[in-house]
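Scroll down for the structure; my scribbles are underneath it.
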Amino acid sequence: MDFCKRHFLVALVAVLGLVVVAYVGVKANLQVLFGVVAPYLAALLFIEGLIYRVFKWLRSPVPFRIPTTAGQHDSLPWIERTWEEKLDNPATTGHLVGRLALEVLAFRSLFRNLRSELLQDPDNPEGARLVHWSYKWLWLGAIAFHYAFLVVLLRHLRFFTEPVPGFVHLLDSADGFLQFFVPVVYISGLVLLAAATYLLARRLYNPALRYISLAADYFPLLLIITIAITGILMRYFYKTDIIAVKQLALGLVTFHPQVPPGISPLFYIHIFLVSVLFAYFPFSKLLHAPGVFLSPSRNLATNNRRVRHINPWNYPVKFHSYEEYEDRFREAMVEAEIPVEKMPPPEEEEEETPAPAAKAEKAPEEEEG
Ligand code: HEM
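Numbering (my numbering), first residue to last: 21 to 389.
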């Protein structure tokens, strides 16, 4: 089987396996396991895993600033910089906050994504031409996916709070403006499903992307799609007892867990998949969410030309200067005809020693004297 397809199938089987496990478990009256134990375990793994990963990042040395972006750095006051350059290479905290905010809220770097492709050259029927063009679909899919996910999560707060905060009601009525249907249709749930499906289809359809995609890329997407499908089924097609769901959810957050009767297996599948997603989050690529705030190429001002930065991780090192090196090996270098900066001192001439004959001549005189 094709290597790329195998990764997709592994992820698909894993997600379907989780669905079957939850369904069989609930049929075997293991509601407590899927409605209470799994969510608590997931919350524990999520919080502990997140703290562990974030601290690991914080402890990693960042000896240098890493200006990865293009454009003019801030240097001499008379060199003009556009506002884009100021955001690309932020020299002040204000600009830095601007860059991070645009990245987090508007996915700015993804917006500037380019696509390159070899296309038929219209001037030369046998040749090809490399074409670059601005590609916005990925940005649109990613923005729709993340914002829809956020809105769905915030709307779900109505299950976990009593009284429900005002902003959740507001979100509810804004999101459910399609009032012609009963129950009211939430746009964000449908957008979440559509956007996640697009992100998955893009990986499967594009051969280059399919080649670099692993089960770890497919698994979270399939998991989120299945969570959205089970949620939508539960809301519009196979209703569950929402009062009982709220009792269960409130019991979880107040640490008085209970499993009221009347909740359908679909709900337990939904919440079990959500638990797996949360438990998996800190150990997966999904961790890019908090990671963007801790990325040195995003969160450090590019002021290398104005400010001298001393590596805070420096430790005292015994340097061996070139001078010392040459002092040590000078004679060998000269012998090997390697150029040196300082020539060795000329050899001192030997003191003239009297000829042995003269000595011999002098000796009898001394004897005479
Ligand atoms: C990653 C977290 C979650 C996601 C992405 C998610 C997604 C969804 C979606 C898309 C729907 C369809 C209706 C809508 O758009 O609101 C839904 C419905 C539902 N979800 Fe979730 N959900 C999540 C977590 C939870 C949790 C923790 C619970 C536990 C209380 C839960 C309980 C429900 C219920 C009971 C419904 C039916 C809603 C209704 O009938 O109005 N969900 N979910």
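Don't be surprised by glycine CBs; every beta carbon is placed ideally from N, CA and C.
Spatial neighbours of residue 281 in its chain, beta-carbon cut-off 8 Å, leaving aside the 5 residues before and after
Closer than 8 Å at Cβ, skipping near neighbours: 264.
Between residue 165 and residue 212, is the Cβ-Cβ spacing less than 8 Å?
Yes, Cβ-Cβ distance for residue 165 and residue 212 is below 8 Å.
Under a three-way DSSP split, which group does residue 176 fall into?
Coil.
Measuring alpha carbon to alpha carbon, tell me which of 108, 59, 257 and 361 ends up nearest residue 343.
Proximity to residue 343 across 108, 59, 257 and 361 peaks at 361, based on C-alpha coordinates.
Between the alpha carbons of residue 63 and residue 147, how many angstroms are there, rounded?
Distance between the alpha carbons of residue 63 and residue 147 is about 57 Å.
Quick check: the region 276–295 against the region 70–78, are at least 3 beta-carbon pairs closer than 8 Å?
The region 70–78 is not in contact with the region 276–295.
Alpha-carbon to alpha-carbon, residue 187 and residue 193:
For residue 193 and residue 187, the gap between their C-alpha atoms comes out near 10 Å.
How would you call residue 240, buried or exposed, if buried means at least 16 neighbouring beta carbons within 10 angstroms?
If you draw a 10 Å sphere on the C-beta of residue 240, you find 16 or more other C-beta atoms in it, and that means buried.
Can you say whether residue 221 is buried or exposed, counting buried as having 16 or more other CB atoms within 10 angstroms of its CB?
Exposed, because fewer than 16 other Cβ atoms sit within 10 Å of the Cβ of residue 221.
Residues near residue 224 in its chain [Cβ-Cβ closer than 7 Å; skip 5 each side]
Excluding positions up to five away in sequence, the list reads 28 and 230.
One question on the structure: do residue 260 and residue 286 come within less than 8 Å of each other, judged by their Cβ atoms?
Cβ atoms of residue 260 and residue 286: closer than 8 Å.
Do the CB positions of residue 321 and residue 111 come within less than 8 Å of each other?
In contact: residue 321 and residue 111 (Cβ atoms closer than 8 Å).
Distance between residue 317 and residue 82 (C-alpha atoms, nearest Å):
Between residue 82 and residue 317, the C-alpha separation is close to 10 Å.
Should residue 255 be counted as a contact of ligand 1 given a C-beta to heavy atom distance under 7 Å?
Checking the Cβ of residue 255 against ligand 1 gives yes.
Applying the criterion that 16 or more other CB atoms from any shown protein chain within 10 Å of the CB defines a buried residue, is residue 108 buried or exposed?
Note on residue 108: 16 or more other CB atoms within 10 angstroms of its CB, so buried under the neighbour-count rule.
Closer than 7 Å: is that where the CB of residue 291 sits relative to any heavy atom of ligand 1?
If you check the C-beta of residue 291 against ligand 1, you find a heavy atom less than 7 Å away.
Sheet register partners of residue 136 (DSSP bridge)
Looking at the DSSP assignment, residue 136 forms a beta bridge with 152.
Quick check: is any heavy atom of ligand 1 less than 7 Å from the C-beta of residue 251?
Correct: residue 251 has its Cβ closer than 7 Å to ligand 1.
Pair every Cβ in the region 121–134 with every Cβ in the region 148–165, then say whether three or more of these pairs are closer than 8 Å.
Touching, per the Cβ criterion.
Check residue 74 in the structure and name its three-state DSSP category.
Correct three-state label for residue 74: helix.
Work out the CA separation of residue 145 and residue 138 for me, nearest whole Å.
One C-alpha to the other measures close to 13 Å.
What's the C-alpha gap between residue 348 and residue 103?
Inter-residue distance for residue 348 and residue 103 is about 54 Å (C-alpha atoms, whole angstroms).
How about residue 172 and residue 136: are their beta carbons less than 8 Å apart?
Inclusion of residue 172 and residue 136 in the CB contact set at 8 Å is not warranted, their separation being larger than that value.
The alpha helix (DSSP H) that contains residue 353, what's its start and end?
Counting along the chain, residue 353 sits inside the alpha helix (DSSP H) bounded by residues 342–355.
For residue 59 and residue 295, believed in contact at Cβ under 8 Å, the rounded distance
About 5 Å; that satisfies the 8 Å criterion.
Verify the contact flag: residue 262, CB atom, against every heavy atom of ligand 1, threshold strictly below 7 Å.
Yes, ligand 1 has a heavy atom inside 7 Å of this Cβ.
My guess is that residue 178 and residue 195 are in contact by the Cβ rule of under 8 Å, so how many angstroms apart are they, rounded?
Contact flag wrong, Cβ pair sits at about 12 Å.
Best match in 244, 49 and 312 for proximity to residue 34 [C-alpha to C-alpha]:
Closest by alpha carbon: 244.
When we look at the beta-carbon of residue 182 and count the other beta-carbons within 10 Å, is it buried (16 or more) or exposed?
Residue 182 is exposed by the Cβ-count criterion.
Taking the alpha-carbon positions, what's the residue 49 to residue 120 distance?
The alpha-carbon atoms of residue 49 and residue 120 are separated by roughly 48 Å.
Near residue 323, what residues of its chain come up, given a Cβ to Cβ distance below 7 Å and the 5 sequence neighbours on each side ignored?
Within the same chain, residue 323 has close Cβ partners 94 and 111.
Quick check: is any heavy atom of ligand 1 less than 7 Å from the C-beta of residue 173?
At least one heavy atom of ligand 1 is nearer than 7 Å to the Cβ of residue 173, so yes.
Give me the residue from 255, 332 and 233 with the minimum Cα distance to residue 24.
For the residues 255, 332 and 233, the minimum Cα distance to residue 24 belongs to 233.
DSSP three-state assignment for residue 360, whether helix, strand or coil
Residue state, collapsed to three classes: coil.
Assuming residue 266 is part of the alpha helix (DSSP H), what are its boundary residues?
Its alpha helix (DSSP H) spans residues 262–273.
Would you say the beta carbon of residue 54 comes nearer than 7 Å to a heavy atom of ligand 1?
Checking the Cβ of residue 54 against ligand 1 gives no.
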